[in-house]
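Peer 1:
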Amino acid sequence: MITESKLARTIRALLIGAPIVLLAACGDGDDGKDGVKGTDGAPGATALTKVTTLAANEQCPYGASLLQAGVDTNANGALDVAEIQSESTVCSAASATTQMLASTATIKFESIAAPATNYEKRQIQVGQAKAIDGETETLLNVDYHILARSGDMFGDIAFGQLINSEGQPLYSEDGSRKISDSNEFTSLLPIGDRLFSVSQIESRPGAMFMMELDQKTENGELSVKKMWQLDMSGVNGGWVHCAGSVTPWNTHLASEEYEPDARSLATGADALADSYSAPFLEYYDNDPAKWNPYHLGWPIEVAIDASKSAPDASLTKHYSVGRLAFELAYVMPDQKTMYLTDDGTNVGFYMYVADTAGSLTAGTLYAMKWNQTSAEGMGKADLSWISLGHATDADIKPYVDGDSITNFAAIFDSASPVDNVCPTGFSSINQNGIGQECLKVKEGMAQVASRLETRRYAAIMGATTELRKEEGVTFDPTRNKLYVAMSEIGRGMEDFKSSGKASNSYDMGGNNHIKLAGYNKCGGVYQLDVATDAVIGSDYVAQNMAGLIQGIPATTGMATTAEIAANPPVFNNGMNKCNIDGIANPDNVTYMSGHDQLIIGEDTGSGHQNDVIWAYDLAASSLARIQTTPYGSETTSPYWYPNINGWAYLTSVIQHPYGESDGDKDTGTGENRAYTGYVGPFPAKKAAEE
108 MITESKLART IRALLIGAPI VLLAACGDGD DGKDGVKGTD GAPGATALTK
158 VTTLAANEQC PYGASLLQAG VDTNANGALD VAEIQSESTV CSAASATTQM
208 LASTATIKFE SIAAPATNYE KRQIQVGQAK AIDGETETLL NVDYHILARS
258 GDMFGDIAFG QLINSEGQPL YSEDGSRKIS DSNEFTSLLP IGDRLFSVSQ
308 IESRPGAMFM MELDQKTENG ELSVKKMWQL DMSGVNGGWV HCAGSVTPWN
358 THLASEEYEP DARSLATGAD ALADSYSAPF LEYYDNDPAK WNPYHLGWPI
408 EVAIDASKSA PDASLTKHYS VGRLAFELAY VMPDQKTMYL TDDGTNVGFY
458 MYVADTAGSL TAGTLYAMKW NQTSAEGMGK ADLSWISLGH ATDADIKPYV
508 DGDSITNFAA IFDSASPVDN VCPTGFSSIN QNGIGQECLK VKEGMAQVAS
558 RLETRRYAAI MGATTELRKE EGVTFDPTRN KLYVAMSEIG RGMEDFKSSG
608 KASNSYDMGG NNHIKLAGYN KCGGVYQLDV ATDAVIGSDY VAQNMAGLIQ
658 GIPATTGMAT TAEIAANPPV FNNGMNKCNI DGIANPDNVT YMSGHDQLII
708 GEDTGSGHQN DVIWAYDLAA SSLARIQTTP YGSETTSPYW YPNINGWAYL
758 TSVIQHPYGE SDGDKDTGTG ENRAYTGYVG PFPAKKAAEE
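Numbered continuously in this note's numbering, the sequence shown closes out at residue 797.
1) Can at least three beta-carbon pairs, one atom from the stretch 715-733 and one from the stretch 604-623, be found at a separation below 8 Å?
2) Examine the Cβ distances between the stretch 336-343 and the stretch 754-768 and report whether three or more of them are shorter than 8 Å.
3) Considering R732, what are the terminal residues of the beta strand (DSSP E) in which it resides?
4) If we ignore side chains and look at the alpha-carbon of each, how far apart do G753 and A238 end up?
5) Taking the alpha helix (DSSP H) that D502 belongs to, which residues open and close that run?
6) I'd like the list of long-range same chain contacts for R370, defined as Cβ closer than 6 Å, with 5 residues on each side in sequence excluded.
7) Is the beta carbon of W492 within less than 7 Å of some heavy atom of the ligand MN?
8) Span of the alpha helix (DSSP H) holding Q554?
9) On a CA-only basis, which of F603, D500, E601 and V528 is nearest S557? Give me that one, please.
10) Let's see if you can read the secondary structure: which residues bound the alpha helix (DSSP H) around P386?
11) Just checking, does the stretch 262-271 make contact with the stretch 701-710 on the three C-beta pairs under 8 Å criterion?
12) Within 10 Å of its beta-carbon, does E363 have 16 or more other beta-carbons around it, so buried, or fewer, so exposed?
13) Would the beta-carbon of H715 fall within 8 Å of that of G739?
14) Flag this pair as touching only if the stretch 557-566 and the stretch 455-464 have three or more C-beta atom pairs under 8 Å; answer yes or no.
15) CA-CA distance, A791 and I720?
16) Over what stretch of residues does the beta strand (DSSP E) that includes K228 continue unbroken?
17) I believe V591 touches T448 by the beta-carbon criterion, under 8 Å. Please report the beta-carbon distance rounded to the nearest angstrom.
18) Give the single residue among I751, D773 and A727 whose Cα lies nearest to the Cα of F216.
19) Which value, in whole angstroms, describes the spacing of the CA atoms of F519 and G775?
20) Just list the residues that DSSP pairs Y748 with in beta bridges.
21) State buried or exposed for A131, treating a residue as buried only when at least 16 other CB atoms are found within 10 Å of its CB.
22) Can you list, in chain order, the residues of its chain with a C-beta nearer than 8 Å to that of L296? Leave out the 5 residues immediately preceding and following it.
23) May I ask you to verify whether the stretch 315-331 touches the stretch 371-380, counting CB pairs closer than 8 Å and requiring at least 3?
24) Using only CA atoms, which one of K332, A474 and I541 lies nearest to L320?
25) Between the alpha carbons of P530 and C545, how many angstroms are there, rounded?
26) If you draw a straight line from the C-alpha of L246 to the C-alpha of S210, how long is it?
27) Rounded to whole angstroms, how far is the Cβ of A488 from the Cβ of E434, which I believe are closer than 8 Å?
28) Quick one: is K323 buried, meaning 16 or more other Cβ sit within 10 Å of its Cβ, or exposed?
29) Count the other C-beta atoms from every protein chain shown that fall within 10 angstroms of the C-beta of K608, then say buried if there are 16 or more, exposed otherwise.
30) If you reduce the DSSP assignment to three classes, tell me which class R586 lands in.
31) Report, in whole angstroms, the separation of the C-beta atoms of A649 and L490, which I expect to be a contact under 8 Å.
32) Would you list the one or two residues that DSSP bridges to A461?
33) So is E244 buried or exposed if we call it buried at 16+ other beta carbons inside 10 Å?
34) Helix, strand or coil, according to DSSP, for N686 in the structure here?
35) Considering only DSSP beta bridges, list what M593 is partnered with.
36) Give the straight-line distance between the Cα atoms of I298 and G708, rounded to the nearest whole angstrom.
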């Protein structure tokens, strides 16, 4: 719902023809025809809005306004009935207040309708939030707030600008600056009396930006005071910075996804012609001698020193943690145990236990083994953890960036299988979607293999490498559970099948621990109980894994089920192959501590035409659609911050609008620029009285 305090911004956006942040109607008003951008007005015509005050009713207890918009085609200066292109009922909300919520209150969301019209599909829509305390319900004045869009200038810094190792901007062939629309995880880091954010870019080469933010005392709204681009040359550049997290000691923990395969990638001059490596080599001014796949695929910790007026940011790639297709790394409350998700086909799940709380420089790495107890639905398993050994950053660094720099052939002997059987002494594995491999770790290289080739080494050691599109992870202290999003359930997770059809590709030569009876291309979210393990030395060791919620197919071929829940005709099944009222390809998750809501973001192509952020009420087992995004965009890295100076925030980044689908609907007026922002501000919750 739109609240009264948002109305002026919405009207101003309409009048100047800018992209509009518009929330769903409170009442049952007409959806209207396609929005302003969907219909060409007469030359010189003006966009107009009309606001009519409405009385309070059951749905809008604080009153409402009717907002109508259209183009003044007859140039009479008034918005006539025939000129109205869209209208929405605008609920007023209670006045913003710095009053914190009672310790007994919880935030809930009203589900907004899925975008159905062209106008709605171009907008960022946010549902109404309310605080519930016993019988009392209070509407909360929350909205989607933009911190920065790709290409925005902050002084001489262009947000999203890609640079080389010397800090100089990269340029396209037409002479324009290379500015990425692949904004990703953005942290909020309160340090002393200052508030910072680190924002990462999911590109090759990668990029990171540090912002100092201003927080308004009276309503918690945030804005950018100053921005700096971070120098990544000290960590050999960055690569596909996907999701991230904030450590309990208040540092930004970034990721490098889809680690380059050191066995198969082109080297030397061939790397300049390779579509995978060539974009990154621009970071080194196209010098192939500097191409080293082992430089990339690590978690990166960013720590801010705010003791000076111009803050410093230090970046560290933690080589002791291992090298994967990191979706993200997530540190548990003990400040020692960390879970590592691995995105792709035939990937694994990993746990790192640090030697010292608050430090990721040394520790023991473990890989998950799935011990299946049920093949039905999303499957169930008891988990065991296989040690991949101990290492320190200092142990591994020389092999990546020092006197002992190595390559794949120095770590493994390899052979070709004969009739799907490896020679004696070689281990047969199947990982990363490339099929069967026969490998043997060279003498003295086990520790190096465990960190530089973590997934391959884990498979050799007997761990499970069959997961498909493993995405975000978060922790629920209320139930002592982890939640892990699986964007798709299939391929290696099936038993010698792919989407229900016979296939050797993903199980031949591998451990084949996961043998599900079916598949689901709409994906799902798993729940994992955690408990103390004295041998491992952690109170947060995942014990088992089972389905929590999964997407619902709207068309045949999306899942192994006879129950197809087709969408209403307005939601074209070709563009919404998963049911519009269920999740589609869940990407990242975050737990709203104090409110018992699991937030689920989507990264879907044809599953849903417009990606959604959902709130899953864990107590009620119900879904609410709380944010929708424009055509062709991805919701990336929603992350919950329960209390920053009395206010709470749900960060939300909207990546590459019109970039994943519906490019033909891009008007060329800047709609395709990514958004980095947040939903909120929410009043923070008081601590429970002892």
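Glycine included, every Cβ here is placed at the ideal spot set by N, Cα and C.
Source: prediction; values computed, not measured.
Peer 2: So, to answer that:
1) With a cut-off of 8 Å, the stretch 604-623 and the stretch 715-733 do not count as touching, because too few Cβ pairs lie within range.
2) Judged by Cβ distances under 8 Å, the stretch 336-343 makes no contact with the stretch 754-768, as fewer than three pairs qualify.
3) Locating residue 732 in the sequence shown gives position 625, where the first residue counts as 1. Unbroken beta strand (DSSP E) run through R732: S729 to T735.
4) Counted from its first residue, the sequence shown places residue 753 at position 646. Counted from its first residue, the sequence shown places residue 238 at position 131. Cα to Cα, G753 sits roughly 15 Å from A238.
5) Position 395 of the sequence shown, counted from the first residue, corresponds to residue 502. Unbroken alpha helix (DSSP H) run through D502: D500 to D508.
6) Position 263 of the sequence shown holds residue 370. Hits under 6 Å: F515.
7) Absence of the ligand MN from the depicted structure is noted, as is the absence of any ligand whatsoever, leaving it without description.
8) Taking the sequence shown and counting its residues from 1, the one referred to as residue 554 is at position 447. First-last of the alpha helix (DSSP H) with Q554: A553 to L559.
9) As a first step, residue 557 must be located in the sequence shown, where it is residue number 450. If we check each option's Cα against that of S557, D500 comes out closest.
10) Taking the sequence shown and counting its residues from 1, the one referred to as residue 386 is at position 279. For P386, the uninterrupted alpha helix (DSSP H) run begins and ends at A385 to L388, by DSSP.
11) no
12) Against the sequence shown, residue 363 aligns to sequence position 256. Burial check for E363: the Cβ neighbour count within 10 Å reaches 16 or more, so the residue is buried.
13) Looking up residue 715 in the sequence shown gives position 608. Looking up residue 739 in the sequence shown gives position 632. Their beta carbons are not under 8 Å apart, which means H715 does not touch G739 by this criterion.
14) Yes: at least three Cβ pairs fall under 8 Å.
15) Working through the sequence shown from its first residue, we reach residue 791 at position 684. Working through the sequence shown from its first residue, we reach residue 720 at position 613. Approximately 21 Å, taken between the alpha carbons.
16) The count along the sequence shown starts at 1 and reaches residue 228 at position 121. No beta strand (DSSP E) contains K228, which is instead part of the alpha helix (DSSP H) from N225 to K228.
17) In the sequence shown, residue 591 corresponds to position 484, counting from 1. In the sequence shown, residue 448 corresponds to position 341, counting from 1. Their Cβ separation, rounded to whole angstroms, is 7 Å, which keeps V591 and T448 in contact under 8 Å.
18) By 1-based counting over the sequence shown, the position of residue 216 is 109. For the options I751, D773 and A727, the alpha carbon positioned closest to that of F216 is the one of A727.
19) Position 412 of the sequence shown, counted from the first residue, corresponds to residue 519. Position 668 of the sequence shown, counted from the first residue, corresponds to residue 775. The C-alpha of F519 lies about 50 Å from the C-alpha of G775.
20) Along the sequence shown, one-based indexing puts residue 748 at 641. BP columns for Y748 point to Y756.
21) Sequence index remark: in the sequence shown, residue 131 carries index 24 (1-based). Model confidence at A131 stands at a pLDDT of 30, short of 50, so the residue's coordinates are unreliable and nothing is read from them.
22) In the sequence shown, residue 296 corresponds to position 189, counting from 1. These residues qualify, in order along the chain: L302, F303, S304, V305, V353, N357, T358, H359 and I411.
23) no
24) The sequence position of residue 320 within the sequence shown is 213, counting from 1. Ranking the options by Cα distance to L320, first place goes to K332.
25) Counting from 1 along the sequence shown, the entry for residue 530 is found at position 423. Counting from 1 along the sequence shown, the entry for residue 545 is found at position 438. Approximately 8 Å, taken between the alpha carbons.
26) Position 139 of the sequence shown, counted from the start, is the residue given in the question as residue 246. Position 103 of the sequence shown, counted from the start, is the residue given in the question as residue 210. L246 and S210 have their C-alpha atoms spaced approximately 17 Å apart.
27) Numbered from 1 along the sequence shown, position 381 holds the residue referred to as residue 488. Numbered from 1 along the sequence shown, position 327 holds the residue referred to as residue 434. Between E434 and A488 the Cβ distance is about 20 Å, and since that is not below 8 Å, they are no contact.
28) Translated into the one-based positions of the sequence shown, residue 323 becomes position 216. With fewer than 16 other Cβ atoms within 10 Å, it is exposed.
29) For the purposes of this step, residue 608 is identified with residue 501 of the sequence shown, where counting begins at 1. Classification of K608: exposed, given that the 10 Å Cβ count is below 16.
30) As a first step, residue 586 must be located in the sequence shown, where it is residue number 479. If DSSP states are grouped into helix, strand and coil, R586 belongs with coil.
31) Here residue 649 corresponds to residue number 542 of the sequence shown, with the count starting at 1. Here residue 490 corresponds to residue number 383 of the sequence shown, with the count starting at 1. With 8 Å as the limit, A649 and L490 qualify as a contact, their Cβ atoms being about 5 Å apart.
32) Along the sequence shown, one-based indexing puts residue 461 at 354. The partner list for A461 (beta bridge, DSSP) reads G470.
33) Within the sequence shown, the letter at position 137 stands for residue 244. That one is exposed.
34) Residue 686 sits at position 579 when you count from the first residue of the sequence shown. If DSSP states are grouped into helix, strand and coil, N686 belongs with coil.
35) On the sequence shown, position 486 is the one that residue 593 refers to. The partner list for M593 (beta bridge, DSSP) reads E577 and G631.
36) In the sequence shown, residue 298 corresponds to position 191, counting from 1. In the sequence shown, residue 708 corresponds to position 601, counting from 1. So the two alpha carbons sit approximately 28 Å from each other.
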